[in-house]
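The number in this note's numbering is simply the position in the sequence shown, starting from 1, with 1 added. For glycine and all other residues, C-beta sits at the position ideal for the given N, C-alpha and C. Below: one structure, written as structure tokens.
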Amino acid sequence: MATLWATIFGLTKVIVLSSESMVTLQERMVHLTEQLSMPLIEVSLIVNRWIKALLSRLEELADEHNESLPENVTKPIPLPGLNNETNDFNYDLDRVLKMVDDDRMDILDTLIRVTIEEEKLSLMSALLFMRNWEFEMRKRLEQVQRPGQLFSPVTFEDGF
2 MATLWATIFG LTKVIVLSSE SMVTLQERMV HLTEQLSMPL IEVSLIVNRW
52 IKALLSRLEE LADEHNESLP ENVTKPIPLP GLNNETNDFN YDLDRVLKMV
102 DDDRMDILDT LIRVTIEEEK LSLMSALLFM RNWEFEMRKR LEQVQRPGQL
152 FSPVTFEDGF
């Protein structure tokens with residue numbers, strides 16, 4: 002078990018994170034994305050969808066208690082040495098979105114939902130977990146130089 006100190010609703014408390022649950026979610030997501038050769042754009046879209054849903058629910062709960070969430074929860078993890086230069090390629094976002102495989106994305110979305118429910122992960126734990134995936138996908142997106150690279154399969158090094 003891992004512990005995380007968090008300030009939520011004005012109280013500093015320890016959140017117990019089941020490292021086994023996090024490892025299960027991590028292993029399942031890595032395995033599925035590699036097994037289905039999921040493109041960077043598809044994984045990024047699903048991770049973003051989950052972050053928005055989890056954050057929205059946490060913000061609702063915070064509002065109900067007249068509290069606010071800490072910035073490390075509401076904002077993405079900063080990228081080190083952020084490249085402020087814009088990529089010199091143009092792409093049609095609508096065209097890119099038409100090219101994604103909705104079925105494959107639904108499979109990943111379902112896997113995440115089922116695992117979060119099975120492992121009984123809290124909203125906060127799930128959101129912080131997804132923030133790490135968001136960080137990894139943003140690092141990769143920053144390196145994209147051509148639209149075709151958005152459709153490169155996501156692979157992971159051992160230990161991710």
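Indicate whether residue i and residue j have their beta-carbon atoms separated by less than 8 Å.
{"i": "residue 40", "j": "residue 92", "result": "no"}
{"i": "residue 112", "j": "residue 29", "result": "yes"}
{"i": "residue 52", "j": "residue 131", "result": "yes"}
{"i": "residue 26", "j": "residue 124", "result": "no"}
{"i": "residue 22", "j": "residue 122", "result": "yes"}
{"i": "residue 109", "j": "residue 34", "result": "yes"}
{"i": "residue 49", "j": "residue 143", "result": "no"}
Tell me residue i's beta-bridge partners as DSSP assigns them.
{"i": "residue 154", "result": "40"}
Could you tell me the distance, in whole angstroms, from the CA atom of residue i to the CA atom of residue j?
{"i": "residue 32", "j": "residue 60", "result": "31 Å"}
{"i": "residue 174", "j": "residue 73", "result": "Here the chain covers residues 2 to 161 and nothing more, so residue 174 does not appear."}
{"i": "residue 127", "j": "residue 117", "result": "7 Å"}
{"i": "residue 45", "j": "residue 66", "result": "32 Å"}
{"i": "residue 99", "j": "residue 75", "result": "29 Å"}
{"i": "residue 153", "j": "residue 37", "result": "12 Å"}
{"i": "residue 115", "j": "residue 137", "result": "22 Å"}
{"i": "residue 119", "j": "residue 95", "result": "35 Å"}
{"i": "residue 104", "j": "residue 82", "result": "35 Å"}
{"i": "residue 133", "j": "residue 24", "result": "13 Å"}
Can you give me the Cβ contacts of residue i inside the same chain, cut-off strictly under 7 Å, excluding the 5 residues immediately before and after it?
{"i": "residue 141", "result": "41"}
{"i": "residue 159", "result": "none"}
{"i": "residue 102", "result": "43"}
{"i": "residue 139", "result": "77 and 80"}
{"i": "residue 161", "result": "31"}
Looking at the ligand GTP, does it come within less than 7 Å of residue i, judged from the CB to the closest heavy atom?
{"i": "residue 79", "result": "You won't find the ligand GTP in this model; it holds no ligand whatsoever."}
So, at 6 Å on beta carbons, what are the nonlocal neighbours of residue i in its own chain, with the 5 sequence-adjacent residues on each side left out?
{"i": "residue 106", "result": "43 and 47"}
In its own chain, which residues sit with a C-beta less than 8 Å from the C-beta of residue i, not counting the 5 before and 5 after it?
{"i": "residue 97", "result": "42, 148 and 151"}
- prompt: Which runs of the alpha helix (DSSP H), 4 residues or longer, sit entirely within the region 92-152?
  reply: 94-100, 103-119 and 124-143
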